[in-house]
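Worksheet: the structure to be examined is printed underneath.
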Amino acid sequence: PSAPRRLPIFNRISVSE
Amino acid sequence: PSDLSQVWPEANQHFSKEIDDEANSYFQRIYNHPPHPTMSVDEVLEMLQRFKDSTIKREREVFNCMLRNLFEEYRFFPQYPDKELHITACLFGGIIEKGLVTYMALGLALRYVLEALRKPFGSKMYYFGIAALDRFKNRESDYNKAKKGVDLADQISYYSFSNIKMYIEYGQQSRDPPVKMQG
Numbered sequence: 027p028s029a030p031r032r033l034p035i036f037n038r039i040s041v042s043e
Numbered sequence: 121p122s123d124l125s126q127v128w129p130e131a132n133q134h135f136s137k138e139i140d141d142e143a144n145s146y147f148q149r150i151y152n153h154p155p156h157p158t159m160s161v162d163e164v165l166e167m168l169q170r171f172k173d174s175t176i177k178r179e180r181e182v183f184n185c186m187l188r189n190l191f192e193e194y195r196f197f198p199q200y201p202d203k204e205l206h207i208t209a210c211l212f213g214g215i216i217e218k219g220l221v222t223y224m225a226l227g228l229a230l231r232y233v234l235e236a237l238r239k240p241f242g243s244k245m246y247y248f249g250i251a252a253l254d255r256f257k258n259r260e261s262d263y264n265k266a267k268k269g270v271d272l273a274d275q276i277s278y279y280s281f282s283n284i285k286m287y288i289e290y291g292q293q294s295r296d297p298p299v300k301m302q303g
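Sequence lines, in order, name chains V and G.
Residues in the first sequence are numbered from 27 upward in steps of one, following this note's numbering.
Residues in the second sequence are numbered from 121 upward in steps of one, following this note's numbering.
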């Protein structure tokens, strides 16, 4: 099975610094 | 196995966009600041507890989707700002504390915390490990009975967090820590 889609909130957090 | 799909069959399923969106919205509320809608970590944990054994299929799917996404996020945690990482650690530790994951998935969750505690003292992931451990330390003795050979206490520096270290050492002996330590 393919990797799950990363939820948008997590993308936002990890690039916000 | 470190692959989530191997230890957690429910995490393997495909979730619809609606389920993804709902899961995302709850996480969003944890990290939001007012006036945007917010939820505390404890509120989310209570909700997850309800969803876990819900008779409504959609709620069980949201539960599985949220847990899977959180576990899959582990590798990105070092990229989180401190505040968000601390919130995430409380959520992660709370999931262990409340028994929301069991068996192999619990083993993986504990291994993630242990792995974080092996990072250098003062590093972001070390603090993630400490904050997560602080949430579920009251359950430590249960795990140590079942999980011989993994010595969490040894991972914690002697010169720091001595209370948590003592707490675990009492747990390893299946003893309750002194009342004065509870705080």
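Don't be surprised by glycine CBs; every beta carbon is placed ideally from N, CA and C.
Proximity of residue i and residue j at Cβ, strictly below 9 Å
| i | j | result |
| --- | --- | --- |
| VAL161(G) | LEU124(G) | no |
| LYS257(G) | ILE284(G) | yes |
| LEU220(G) | GLN292(G) | no |
| ASN152(G) | PHE36(V) | no |
| ILE215(G) | ARG259(G) | no |
| ALA236(G) | PHE191(G) | no |
| TYR246(G) | SER40(V) | no |
| PHE196(G) | ARG31(V) | no |
Exposure label - residue i; buried when at least 16 CB within 10 Å
| i | result |
| --- | --- |
| TYR287(G) | buried |
| TYR223(G) | exposed |
| PHE241(G) | exposed |
| GLU163(G) | exposed |
| ARG38(V) | exposed |
| ARG178(G) | exposed |
| ASN184(G) | buried |
| ASP202(G) | exposed |
| ILE207(G) | buried |
| ILE176(G) | exposed |
| ASP140(G) | buried |
Same chain only: Cβ atoms within 6 Å of residue i, ignoring 5 sequence neighbours per side
| i | result |
| --- | --- |
| ARG149(G) | PRO157, THR158, MET159 |
| GLY213(G) | ALA252, ARG255, PHE256 |
| TYR194(G) | TYR232 |
| ARG180(G) | SER174 |
| MET186(G) | ALA143 |
| TRP128(G) | ALA225 |
Own chain partners of residue i with C-beta closer than 7 Å, once the 5 adjacent residues on each side are dropped
| i | result |
| --- | --- |
| ALA209(G) | PHE248, ALA251, ALA252 |
| GLU204(G) | TYR151 |
| LYS137(G) | none |
| PHE171(G) | GLU179, ARG180, VAL182, PHE183 |
Close Cβ partners of residue i (< 8 Å) along its chain, the five nearest in sequence each way excluded
| i | result |
| --- | --- |
| TYR279(G) | The predicted position of TYR279(G) is uncertain, since its pLDDT is 47 and thus under 50; no value can be drawn from it. |
| ALA229(G) | PHE191, PHE212, ILE215, ILE216, VAL221 |
| ALA266(G) | Unreliable placement is indicated for ALA266(G), whose pLDDT of 47 sits below 50; the coordinate value is still reported in the next sentence. Once the five neighbours on either side are set aside, ALA266(G) has no close Cβ partner at all. |
Using Cβ-Cβ distances below 7 Å, what residues of the segment 190-217 of chain G are close to chain V?
GLU192, GLU193, PHE196, GLN199, TYR200, PRO201, GLU204
Of all the residues that make up the segment 144-157 of chain G, which are near chain V by a beta-carbon distance shorter than 8 Å?
ASN144, PHE147, GLN148, TYR151
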